[in-house]
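Visitor:
Number of protein chains: 4
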Amino acid sequence: MRVHETHLRVRYAETDQMGVVHHANYFIWMELGRVEYSKAAGFDYKVMETEDNVLIAVVETHCRYLYPARFDDEVIVKTWLETANPRMVGFAYQIRRAVGDRALATGRTRHIFCGRDMKPLKLPRKYHACFGI
Amino acid sequence: MRVHETHLRVRYAETDQMGVVHHANYFIWMELGRVEYSKAAGFDYKVMETEDNVLIAVVETHCRYLYPARFDDEVIVKTWLETANPRMVGFAYQIRRAVGDRALATGRTRHIFCGRDMKPLKLPRKYHACFGI
Amino acid sequence: MRVHETHLRVRYAETDQMGVVHHANYFIWMELGRVEYSKAAGFDYKVMETEDNVLIAVVETHCRYLYPARFDDEVIVKTWLETANPRMVGFAYQIRRAVGDRALATGRTRHIFCGRDMKPLKLPRKYHACFGI
Amino acid sequence: MRVHETHLRVRYAETDQMGVVHHANYFIWMELGRVEYSKAAGFDYKVMETEDNVLIAVVETHCRYLYPARFDDEVIVKTWLETANPRMVGFAYQIRRAVGDRALATGRTRHIFCGRDMKPLKLPRKYHACFGI
Chain V
261 MRVHETHLRV
271 RYAETDQMGV
281 VHHANYFIWM
291 ELGRVEYSKA
301 AGFDYKVMET
311 EDNVLIAVVE
321 THCRYLYPAR
331 FDDEVIVKTW
341 LETANPRMVG
351 FAYQIRRAVG
361 DRALATGRTR
371 HIFCGRDMKP
381 LKLPRKYHAC
391 FGI
Chain S
261 MRVHETHLRV
271 RYAETDQMGV
281 VHHANYFIWM
291 ELGRVEYSKA
301 AGFDYKVMET
311 EDNVLIAVVE
321 THCRYLYPAR
331 FDDEVIVKTW
341 LETANPRMVG
351 FAYQIRRAVG
361 DRALATGRTR
371 HIFCGRDMKP
381 LKLPRKYHAC
391 FGI
Chain Z
261 MRVHETHLRV
271 RYAETDQMGV
281 VHHANYFIWM
291 ELGRVEYSKA
301 AGFDYKVMET
311 EDNVLIAVVE
321 THCRYLYPAR
331 FDDEVIVKTW
341 LETANPRMVG
351 FAYQIRRAVG
361 DRALATGRTR
371 HIFCGRDMKP
381 LKLPRKYHAC
391 FGI
Chain G
261 MRVHETHLRV
271 RYAETDQMGV
281 VHHANYFIWM
291 ELGRVEYSKA
301 AGFDYKVMET
311 EDNVLIAVVE
321 THCRYLYPAR
331 FDDEVIVKTW
341 LETANPRMVG
351 FAYQIRRAVG
361 DRALATGRTR
371 HIFCGRDMKP
381 LKLPRKYHAC
391 FGI
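Protein chains in written order, with my numbering: chain V, 261 to 393; chain S, 261 to 393; chain Z, 261 to 393; chain G, 261 to 393.
#1: Which whole-angstrom value describes the C-beta separation of residue 273 of chain Z and residue 282 of chain V, a residue pair presumed to lie in contact below a C-beta threshold of 8 Å?
#2: If we cut at 8 Å on Cβ distances, does residue 351 of chain G have a partner in chain V?
#3: Which stretch, first to last residue, makes up the beta strand (DSSP E) that contains residue 352 of chain S?
#4: What does a CB cutoff of less than 7 Å around residue 308 of chain G pick up in its chain, not counting 5 residues either side in sequence?
#5: Rounded to the nearest angstrom, how far is the Cβ of residue 380 of chain Z from that of residue 372 of chain Z, given a contact under 8 Å?
#6: Just the Cα atoms here: how many angstroms apart are residue 392 of chain G and residue 344 of chain G?
#7: Report the three-state DSSP secondary structure of residue 327 of chain G (helix, strand or coil).
#8: Are residue 367 of chain G and residue 305 of chain G closer than 8 Å when you measure CB to CB?
#9: Under 8 Å between beta-carbons, which chain G residues line up against residue 276 of chain S? List them in chain order, please.
#10: Report buried or exposed for residue 333 of chain G, applying the criterion of at least 16 other Cβ atoms within 10 angstroms of its Cβ.
#11: Consider the C-beta atom of residue 290 of chain G and the heavy atoms of the ligand SAH; say whether any pair is separated by less than 7 Å.
#12: Which residues bound the alpha helix (DSSP H) around residue 294 of chain V?
#13: Rank S:301, S:340, S:352 by C-alpha distance to the C-alpha of residue 390 of chain S and give the top, closest one.
#14: Indicate whether at least one CB of chain S lies closer than 8 Å to the CB of residue 295 of chain Z.
#15: In chain S, which residues lie with their C-beta within 7 Å of the C-beta of residue 284 of chain G?
#16: Tell me whether the stretch 317-332 of chain V and the stretch 320-331 of chain S touch, counting them as touching only if at least three CB pairs, one residue from each stretch, are closer than 8 Å.
#17: Measuring only the C-alpha atoms, how far is residue 347 of chain G from residue 382 of chain G?
#18: Examine chain Z for any beta-carbon lying closer than 8 Å to the beta-carbon of residue 331 of chain S, and answer yes or no.
#19: In this structure, does DSSP put residue 204 of chain S in helix, strand or coil?
#20: Starting from the Cα of residue 267 of chain G, find the closest Cα among G:312, G:370, G:354, G:350 and give me that residue.
#21: Between which two residues does the beta strand (DSSP E) harbouring residue 369 of chain G extend?
#22: Go ahead and pull the three-state DSSP assignment for residue 307 of chain G.
#23: On the criterion of 16 or more Cβ atoms from any shown chain inside 10 Å, does residue 293 of chain V qualify as buried, or is it exposed?
#24: Where does residue 358 of chain V land, buried or exposed, given buried means 16+ other C-beta within 10 angstroms?
#25: May I ask you to list the residues that DSSP assigns as paired with residue 345 of chain Z?
#26: Could you name the residues of the same chain whose beta carbon sits closer than 8 Å to that of residue 376 of chain V, not counting the 5 residues immediately before and after it, in chain order?
#27: Could you tell me the alpha carbon to alpha carbon distance between residue 275 of chain V and residue 291 of chain G, rounded to whole angstroms?
#28: Could you tell me if residue 278 of chain S is buried or exposed, where buried requires 16 or more neighbouring beta carbons within 10 angstroms of its beta carbon?
#29: Alpha carbons only, please: which of S:342, S:370, S:263 is nearest the one belonging to residue 299 of chain S?
#30: By Cβ distance, which residues of its chain are closer than 7 Å to residue 261 of chain V, with the 5 residues on each side in sequence left out?
#31: The beta strand (DSSP E) that contains residue 264 of chain G, what's its start and end?
#32: Could you give the distance in angstroms between the alpha-carbon of residue 370 of chain Z and the alpha-carbon of residue 352 of chain Z?
#33: Residue 363 of chain G to residue 303 of chain G, Cα distance in whole Å?
#34: Straight-line CA distance for residue 270 of chain G to residue 338 of chain G?
#35: So with CB distances below 8 Å, who are the chain V contacts of residue 287 of chain S?
#36: May I have the straight-line CA-CA distance separating residue 350 of chain Z from residue 350 of chain G, to the nearest angstrom?
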């Protein structure tokens with residue numbers, strides 16, 4: 261199992277009045293993680309979307325929040341592929357703070373492939389290897 | 261079981277280049293839903309936060325996306341309380357498009373009560389009735 | 261001069277750790293204001309974008325922040341057209357808190373019409389009246 | 261004049277249905293720029309906020325958009341100090357795309373120093389040198 265690590269720094273705009281990162285932002289961080297994971301697997305999301313007109317639509321998201329992330333924290337998103345077939349891929353994530361290697365959150369997302377009309381379709385064969393299909 | 265309905269209109273800024281609402285925004289809509297649910301139950305989140313220094317921290321979020329929401333859609337968030345005890349509350353949500361009463365997503369969130377230091381604490385007794393505890 | 265009033269309630273996710281609304285959100289509120297202004301002027305942004313393939317691209321934004329908006333405040337965005345010709349429109353905004361009719365911010369935005377390729381074009385004649393051209 | 265360069269990669273969530281970055285995000289990028297500028301000048305925003313209870317509130321923002329940024333673009337934010345006195349600082353920004361060194365936007369922001377109550381105050385003397393006061 262390949263695990264990709266994405267590094268980011270918490271933005272001021274990502275905090276809320278509780279003084280910590282607003283929970284919706286973790287899904288944006290997971291998205292950064294899977295974009296980088298995919299690139300590292302030889303897969304360019306941007307190219308597939310613009311040249312093949314194949315989009316990856318999110319069908320399910322889940323997150324457990326373990327410890328709050330705060331402004332300016334360096335955060336590491338560990339991303340790996342959990343399941344993949346020509347119709348669907350599933351990613352899992354561990355989000356950690358670099359200082360103290362503190363676990364912040366765990367997450368999972370599932371995705372289907374679809375066209376510009378949002379109708380499901382199969383992942384083109386040339387991309388199968390990227391997802392180990 | 262009380263169900264609260266929150267109405268909102270999809271903002272242009274909530275869309276992404278797929279031409280539909282970005283999936284992270286559904287959690288912001290659920291937040292609108294539970295703020296309004298709580299208000300309707302006689303509970304003012306803002307007051308509890310500023311006067312009692314009790315915060316409600318998100319510990320788990322989940323969403324299934326059934327059909328894409330688009331710019332300018334009128335959206336209805338149905339919110340209800342699933343579980344509640346002095347340490348934790350859980351909400352569930354149905355997100356529907358007004359036109360055609362189309363189901364867009366379902367979600368769940370769980371929350372703990374905590375102080376400004378993010379340490380867990382018990383919900384003050386005066387708020388118990390709002391959550392049916 | 262027609263002035264349109266858009267009402268909104270501050271979302272928790274719009275605050276930052278300073279305890280007030282993050283400044284970037286005011287531009288999203290101005291966007292809500294001009295979408296509603298345009299609708300009231302008989303102009304449907306969504307339709308023009310999907311049927312005529314004419315987009316409105318932002319070319320300049322400006323905001324002065326006078327007083328902080330806070331979570332759950334009811335906010336009124338007053339929007340009016342400042343300038344309009346077949347190549348460009350300019351809007352101005354006053355953002356006020358409903359309680360106490362307190363001025364929160366003033367803003368201006370300028371926009372050009374363009375195609376899906378982001379190349380400038382002239383506003384189709386049928387829409388001229390909406391902008392008083 | 262010191263100019264600080266901040267590098268970032270455009271996030272999918274930062275795009276809108278026009279297929280380009282939503283204009284409000286440029287202000288979040290400017291914020292990244294001035295946080296990094298300040299750090300490079302020996303000034304830790306986070307520390308000043310938590311230890312000295314001095315906040316930096318935005319009082320004016322301005323942006324001209326020259327060319328659209330797109331998903332996955334590498335973007336460089338050039339940040340420099342335009343004006344500074346014990347009551348106010350002003351930053352200016354050039355936002356460029358790394359590929360082709362294309363100018364994307366220019367911006368300016370002005371800020372006052374204030375306490376937790378959002379009342380204006382003077383920048384503590386120990387921080388003057390960071391801003392060349």
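All residues carry an ideal CB built from backbone N, CA and C; glycine is no exception.
Guide: So, from the data block:
#1: Indeed, because the Cβ distance is near 5 Å, the residues count as touching under 8 Å.
#2: no
#3: 348-357
#4: 314, 387
#5: 5 Å
#6: Going from the Cα of residue 392 of chain G to the Cα of residue 344 of chain G covers about 7 Å.
#7: Look at residue 327 of chain G here: in three-state DSSP terms it is coil, with no helix or strand label.
#8: no
#9: Within chain G, the residues near residue 276 of chain S are 272, 273, 275, 276, 277.
#10: Residue 333 of chain G should be labelled buried.
#11: Summarising the ligand content, the structure contains no ligands, and the ligand SAH is consequently not present.
#12: 285-300
#13: S:301
#14: yes
#15: Near residue 284 of chain G (Cβ distances below 7 Å), the residues of chain S are 273.
#16: yes
#17: 5 Å
#18: yes
#19: For chain S, the structure presents residues 261 to 393; residue 204 of chain S sits outside this window and is missing.
#20: G:354
#21: 362-374
#22: Judged by DSSP in its simplified three-state form, residue 307 of chain G adopts helix.
#23: With 16 or more Cβ atoms within 10 Å of its Cβ, residue 293 of chain V is classed as buried.
#24: exposed
#25: Z:348
#26: 313, 315
#27: 13 Å
#28: buried
#29: S:263
#30: 340
#31: 264-269
#32: 9 Å
#33: Distance between the alpha carbons of residue 363 of chain G and residue 303 of chain G: 28 Å.
#34: 16 Å
#35: 283, 284, 287
#36: CA-to-CA, the gap between residue 350 of chain Z and residue 350 of chain G works out to about 25 Å.
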